[in-house]
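Numbering (our numbering), first residue to last: 161 to 569.
Think of the CB as a built atom: it goes at the ideal place given N, C-alpha and C, for glycine as much as any other residue.
Below: the structure, in C-alpha cells.
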C-alpha cells in the first residue's frame, strides 16, 4: 500500500463485478449515475484560473533541499509572521526541516535532527511543527513519533504499534501525511492521517482506521474515521489515489471536513463523538464514471491503467479568511498518454485539472480550469490571508519555489 499519491510526475471505486444478485443496490446506483451522465452535457464549459503576477511568494531552496515536496505546512505565528515549513524529500542523516518566513527571508532556518544516537528520530517521513519547542517528527516505517525542540533534543517518543515488530500487521496503520491531509493538534491529542497496513478492500472498507488519535499525555492511541457507505459495496476501489481522503479544518475546531477521492459529497467529522456524516454536495462537472477492475489485478498493468485512467477528487481545503471551499479535481490521462505510461515509455501529456469553489453559504461559485498554470501540482496549493496561492516554479529553476496568487472571475 505504501506508494506515492498524485500524477506520474509526483508519483506516488469502486471496482469489481456489479452483476451479482447481492449487489443489486450498487448496480441500481451505478445505472442511475450513468443515466445522469448520459442525459446531461458531456462536459460543461469552465473558465480558467488566472494568476496575479503582482502577488508572489518565493521560497529559497538550498543544496540540502529540493523544489518538490508532497508535504509542507504553514504556521501562522501570534506576531503575524507566516512560516512555510517543508521536509527534505530525500533520505539523509541528519534529517532537515526547512523553516522559511514568507515575510522576512533573514528569519529562515534549517533545523537538524539526528537519525541515530541518543537524540535519534530515525528517518523522518512526516512532521508537524507546533512551535519551536514542540516539533513532532515521524518515522513512518518504525511506527515512531518523536517530540523534539528546534535544537534537535528529543523530549519524548511515542509508539504507534501494539507490538515491537515493524512488519505490517492486520490491525496496524502507517502514518501517511501529505499537504492534502496534514497532522493537527487539539488539546492533548495529536491527530495523524494514516493508511491501513492491510488493504482496506480485505475489510470491505468498513473499519475506522484512516486517522490516528494519539494521547500525548499517556502515549495511548486509537484510530478513527472510516469510509462512507458509497465505498462499502464489496467491490475494489483501487489504490491510495482513489481511497485516501483529504482532511481539512473547518470554522469549528470540533469538526474536520473530509473529501474522499471518488465521492461527490464533502463529509463532516465530529472529533468529540468521532462520527462522520455527509455535509454538502460538491460535484465536478468534468468527471467520468470509473471503469471497474478486480482486486486480483492489483499487481498488473490493469492497475496502472486504472490509476491513471480514472478521474478523482485530489484534495479539499477550507479557506478561513474568505470562508470559501476549494476542491481540486484530477482528470484521467488521454489514451495516448495512458498507453505510454502503461508501457513505460514516459509520462506523455499532462492530465487536465480543475478547481471547484463554493462560498460560505455552500453556494457554487464555479469550476475553473487549471490549464493556464504551468506544472500545476495539487500538493502546492496554500491559503494565506491575502488569498490562495499555487506554485508556478519554472522547470529550469532549482534554487527557489515560486508561488503566485490565483484569481477567479
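Please determine, among the options, the residue with the shortest C-alpha to C-alpha distance to residue i.
i: residue 231; options: 539, 388, 543, 551; result: 539
i: residue 207; options: 428, 437, 515, 555; result: 515
i: residue 399; options: 422, 415, 408; result: 422
i: residue 548; options: 251, 483, 331, 255; result: 483
i: residue 294; options: 300, 313, 284; result: 313
i: residue 530; options: 451, 370, 567, 560; result: 567
i: residue 424; options: 468, 475, 455; result: 475
i: residue 365; options: 373, 356, 372; result: 356
i: residue 537; options: 525, 245, 557, 513; result: 513
i: residue 222; options: 557, 406, 443; result: 557
i: residue 431; options: 443, 417, 438, 439; result: 417
i: residue 438; options: 419, 507, 444; result: 419
i: residue 407; options: 473, 264, 555, 509; result: 473
i: residue 509; options: 541, 468, 274, 517; result: 468
i: residue 352; options: 358, 298, 392; result: 298
i: residue 344; options: 235, 387, 528; result: 235
i: residue 535; options: 334, 561, 527; result: 561
i: residue 527; options: 521, 489, 326, 551; result: 489
i: residue 543; options: 371, 524, 485, 553; result: 485
i: residue 327; options: 259, 242, 300; result: 300
i: residue 265; options: 383, 217, 545; result: 217
i: residue 226; options: 559, 502, 487; result: 559
i: residue 427; options: 393, 396, 389, 397; result: 389
i: residue 267; options: 253, 273, 258, 274; result: 258
i: residue 333; options: 323, 340, 237; result: 323
i: residue 338; options: 347, 401, 346, 393; result: 401
i: residue 463; options: 471, 502, 447, 487; result: 502
i: residue 413; options: 459, 403, 270, 429; result: 429
i: residue 379; options: 238, 350, 210, 458; result: 350
i: residue 271; options: 373, 371, 255, 261; result: 255
i: residue 446; options: 269, 385, 471; result: 471
So the beta strand (DSSP E) residue i belongs to, where does it begin and stop?
i: residue 533; result: First-last for residue 533: undefined, no H or E at that position.
i: residue 335; result: 333–335
i: residue 430; result: 425–430
i: residue 515; result: 513–518
i: residue 381; result: 381–384
i: residue 304; result: 304–308
i: residue 544; result: 541–544
i: residue 406; result: 406–409
Could you give the first and the last residue of the continuous alpha helix (DSSP H) run that contains residue i?
i: residue 501; result: 495–502
i: residue 548; result: Taken as a continuous stretch (DSSP letters only), residue 548 belongs to no alpha helix (DSSP H), being part of the beta strand (DSSP E) at 547–551.
i: residue 400; result: 400–403
Using three-state DSSP, classify residue i as helix, strand or coil.
i: residue 188; result: With a pLDDT of 39 at residue 188, under the threshold of 50, the modelled position of that residue is not reliable, and the figure given next carries that caveat. Helix at residue 188.
i: residue 464; result: helix
i: residue 568; result: coil
i: residue 471; result: coil
i: residue 454; result: coil
i: residue 319; result: strand
i: residue 268; result: coil
i: residue 212; result: strand
i: residue 419; result: strand
i: residue 560; result: strand
i: residue 373; result: strand
i: residue 390; result: helix
i: residue 356; result: strand
i: residue 238; result: coil
i: residue 365; result: coil
i: residue 193; result: In this predicted model, residue 193 has a pLDDT of only 43, less than 50, meaning its place in the structure is not dependable; the value taken from the coordinates is given anyway. Residue 193: helix per DSSP, three-state reduction.
i: residue 554; result: coil
Going by DSSP, which residues form a beta bridge with residue i?
i: residue 207; result: 528
i: residue 246; result: 232, 258
i: residue 345; result: 350
i: residue 486; result: 477, 517
i: residue 288; result: 296
i: residue 338; result: 341
i: residue 218; result: 562
i: residue 440; result: 426
i: residue 314; result: 308
i: residue 157; result: No statement about residue 157 is possible, as the shown extent of the chain runs from 161 to 569 and does not include it.
i: residue 273; result: 255
Would you say residue i touches the ligand MG, meaning its beta carbon is less than 7 Å from a heavy atom?
i: residue 340; result: The ligand MG is not part of this structure, which contains no ligands at all.
From the beta carbon of residue i, is the nearest beta carbon of chain D less than 8 Å away?
i: residue 484; result: This model lacks chain D altogether; it includes just one protein chain.
Margin query: I want to know whether the stretch 312–319 touches the stretch 282–289 - three or more CB-CB distances under 8 Å.
Written below: Here the stretch 312–319 does not lie against the stretch 282–289, with fewer than 3 beta-carbon pairs under 8 Å apart.
Item checked: Meets three-Cβ-pair contact criterion under 8 Å: the stretch 299–318 and the stretch 265–281 -> Yes: the two stretches touch, three or more of their Cβ pairs being nearer than 8 Å.
Margin query: Would you call the stretch 493–508 in contact with the stretch 452–460, where contact means no fewer than 3 C-beta pairs closer than 8 Å?
Written below: In short, these stretches do not touch, since the Cβ pair count stays below three.
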